[in-house]
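Here is the structure we will look at.
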Amino acid sequence: MAAAASGLLAACTSGTTDGDGPADGCAVKFEAREASRASVITNTSLTANPFVVYADMTKTSGFGNALSVFDGTVVSYTDGAWSYGTLQYWFPGYTYSFVAVCPATLSDLNYENNRLALTYTQPADYTQAADVLTATHRRSYSQGTTAPVAFKFSHIMSRLNFVAQVDPAAEDGVMIQRLALVNGVTRATYQIEPAQLGSATETDDYILGTWTTDDQNTGTIFERVESILLQPGEKLELFPTDTDPLIVIPQSVTSDLSVEISYHYASDPDNIITSSASLYSIAIANHGGKWDAARSYTYNFSLGANAFVIYSVPSVEDWKDAEGGNYVITDK
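Just so we're aligned, residue 4 is where the sequence shown starts under the numbering used here, counting upward by one.
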């Protein structure tokens, strides 16, 4: 799933400028369609989530250095409109490069030479993870009326869900006490920049759009300690909603990455059983051994008699709103 947003560069009246002066009345403005914590950002929730914009401009002729236009400028929806403070203006004869990031609360962002590097650390509390979206635009501007610049935001994180079931043949219910995902990547850097124009005058395409992970930055991706009682035959999605998703850094699923489950049978509360299962074989066999951005992965496991935890074939879907939405879905 990806939310769609539009950055509208205000319509400009025709006229002349002296040298490198700004185009008459041509302020850079932003709008966003009604497109949250780790809640999933959609068209209808984007207005509650300010985003930041980075941009620079260079002579279209290729001479001169890049000049900063926006440097992590926060764009907020207030009183029915998007605003960012002091207006910036288009200059004819320059090419502009934009990168937008939502939400605006992210830190550790670095923009240089049209490229944004975002370093993300998985929070210890999974409910504080961010649904991170990015968008780009590059345009060669000339004097005259401009069309809107569409920021087509795309999700850059992965989403996981675990579905627990007690074997219908079991004679007793099961109390799950802890679920954890350990030995995975907890810190990584994402890089993105607008694609080159070529013969076009503008583009929303981008290059890179990739995560760089470091095996040294591994640890517990998430841990959920909560008593959940399931009866024989009962099934439960543990992260089912947009207000309580499990959002993680896209990464390769290594042989060390494991799911730890602690539980006990309802009739024997003093006998705590801990199961540790690697997801490596399942990931290799079913989804290329990795979690991709803008994908949702659901792992089903069954708790039965004899202290066995059995995993079935996982499902992989485009990340989208469970109830359907009017947002644009992109797979880049």
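Each residue gets a CB set at the ideal place from its N, CA and C atoms; glycine is no exception. It should be emphasised that the depicted structure is a prediction, and the values quoted were computed from it without experimental measurement.
Straight-line Cα distance separating residue 249 from residue 187: Along the sequence shown, one-based indexing puts residue 187 at 184. Along the sequence shown, one-based indexing puts residue 249 at 246. Taking the straight line joining both Cα atoms gives about 14 Å.
For residue 282, which option in 317, 91, 252 has the closest C-alpha, if you only look at C-alpha atoms? Numbered from its first residue, the sequence shown carries residue 282 at position 279. Answer by Cα proximity: 317.
Can the beta-carbon of residue 297 be found closer than 8 Å to that of residue 157? Indexing the sequence shown from 1 puts residue 297 at position 294. Indexing the sequence shown from 1 puts residue 157 at position 154. Yes, these two residues count as a Cβ contact at 8 Å.
If you count every other CB in all the chains shown that lies within 10 Å of the CB of residue 256, and 16 or more means buried, which is it? The sequence position of residue 256 within the sequence shown is 253, counting from 1. When all chains shown are included, residue 256 counts as buried.
Which runs of the beta strand (DSSP E) fall wholly inside the region 44-114 and span at least 3 residues, in chain order? 54-62, 70-81, 84-86, 97-105
Residue 320 by DSSP, collapsed to three states: which one? Residue 320 sits at position 317 when you count from the first residue of the sequence shown. Looking at residue 320 - three-state DSSP - the assignment turns out to be strand.
Taking residue 144 as part of the beta strand (DSSP E), name the residues at either end of that continuous run. One-based indexing of the sequence shown puts residue 144 at position 141. Element bounds for residue 144: 136-144.
Out of 51, 106, 269, which one is the CA nearest neighbour of residue 83? On the sequence shown, residue 83 is found 80 positions in, with the first residue counted as 1. Checked all of 51, 106, 269; the closest Cα to residue 83 is 51.
Using 8 Å as the Cβ pair cut-off and three pairs as the minimum, do the region 163-180 and the region 257-269 touch? yes
Taking only three categories from DSSP, how would you classify residue 284? Residue mapping note: residue 284 aligns to position 281 of the sequence shown, counting from 1. If DSSP states are grouped into helix, strand and coil, residue 284 belongs with the helices.
Reduced DSSP secondary structure (H/G/I, E/B, other) of residue 309: As a first step, residue 309 is located in the sequence shown; it is residue number 306 there, counting from the start. Helix at residue 309.
Closest residue to residue 98 among 166, 216, 204, 239 (Cα-Cα distance): For the purposes of this step, residue 98 is taken as the residue at position 95 of the sequence shown. Comparing Cα-Cα distances from residue 98 to each of 166, 216, 204, 239, the minimum goes to 204.
For the putative contact between residue 54 and residue 107, defined by C-beta atoms under 8 Å, what is the C-beta separation to the nearest angstrom? Here residue 54 refers to the residue found at position 51 when the sequence shown is read from its first residue. Here residue 107 refers to the residue found at position 104 when the sequence shown is read from its first residue. At roughly 6 Å, the Cβ-Cβ gap stays under 8 Å, so residue 54 and residue 107 are in contact.
If residue 209 sits next to residue 139, beta carbons under 8 Å apart, how far is it from one beta carbon to the other, in whole angstroms? As a first step, residue 209 must be located in the sequence shown, where it is residue number 206. As a first step, residue 139 must be located in the sequence shown, where it is residue number 136. The Cβ separation is near 4 Å, so the contact holds.
Please classify residue 115 as buried or exposed, where buried requires at least 16 other C-beta atoms within 10 Å of its C-beta. Locating residue 115 in the sequence shown gives position 112, where the first residue counts as 1. With fewer than 16 Cβ atoms within 10 Å of its Cβ, residue 115 is classed as exposed.
Residue 103 vs residue 56 beta-carbon contact at 8 Å: Sequence index remark: in the sequence shown, residue 103 carries index 100 (1-based). Sequence index remark: in the sequence shown, residue 56 carries index 53 (1-based). In this structure, residue 56 lies closer than 8 Å to residue 103 by Cβ.
Quick check on residue 336: does DSSP put it in helix, strand or coil? Past the boundaries of the shown model lies residue 336; the chain is included only from 4 to 335, so the question cannot be answered.
Look at the alpha carbon of residue 321 and the alpha carbon of residue 301, and state the distance between them as a whole number of angstroms. Start at 1 with the first residue of the sequence shown, and residue 321 comes out as number 318. Start at 1 with the first residue of the sequence shown, and residue 301 comes out as number 298. When rounded, the distance between both Cα atoms is 12 Å.
What does DSSP give as the partner residue(s) for residue 274 in the beta ladder? Translated into the one-based positions of the sequence shown, residue 274 becomes position 271. Answer by DSSP bridge pairing: none, since residue 274 is not bridged.
Write down the C-beta distance between residue 252 and residue 123 rounded to the nearest angstrom, noting that I regard them as a contact closer than 8 Å. If you number the sequence shown from 1, residue 252 lands on position 249. If you number the sequence shown from 1, residue 123 lands on position 120. The pair is a contact, with the Cβ atoms about 6 Å apart (cut-off 8 Å).
When the Cα atoms are used, what is the spatial distance from residue 319 to residue 289? Counting from 1 along the sequence shown, the entry for residue 319 is found at position 316. Counting from 1 along the sequence shown, the entry for residue 289 is found at position 286. If you take the alpha carbons of residue 319 and residue 289, they lie about 9 Å apart.
Measuring alpha carbon to alpha carbon, tell me which of 45, 163, 292, 175 ends up nearest residue 309. Within the sequence shown, residue 309 is the residue found at index 306, counting from 1. Looking at the Cα atoms, 175 is the closest of the given residues.
Status (buried if at least 16 other CB within 10 Å, exposed otherwise) for residue 117: On the sequence shown, residue 117 is found 114 positions in, with the first residue counted as 1. So residue 117 counts as buried.
Go ahead and label residue 164 buried or exposed: buried means 16 or more other beta carbons lie within 10 angstroms of its beta carbon, across all protein chains shown. By 1-based counting over the sequence shown, the position of residue 164 is 161. The residue is buried, with at least 16 neighbouring Cβ atoms inside 10 Å.
Which of helix, strand or coil DSSP assigns to residue 130: Walking along the sequence shown from the start, residue 130 turns up at place 127. Three-state DSSP puts residue 130 in a helix.
By DSSP, does residue 117 sit in helix, in strand, or in coil? Reading the sequence shown from its first residue, position 114 is the one you call residue 117. Looking at residue 117 - three-state DSSP - the assignment turns out to be coil, as it is neither helix nor strand.
Pair within 8 Å by beta-carbon distance, residue 216 and residue 42: Residue 216 sits at position 213 when you count from the first residue of the sequence shown. Residue 42 sits at position 39 when you count from the first residue of the sequence shown. Not in contact: residue 216 and residue 42 (Cβ atoms no closer than 8 Å).
Got a sec? Which residues, its chain only, sit under 7 Å from residue 63 by beta carbon, not counting five neighbours each side? Counting from 1 along the sequence shown, the entry for residue 63 is found at position 60. For residue 63, where only same-chain residues beyond five positions count, the Cβ hits under 7 Å are 96, 97, 98, 143.
Which whole runs of the beta strand (DSSP E) in the region 246-275 are 3 residues long or more, in chain order? 249-251, 261-268
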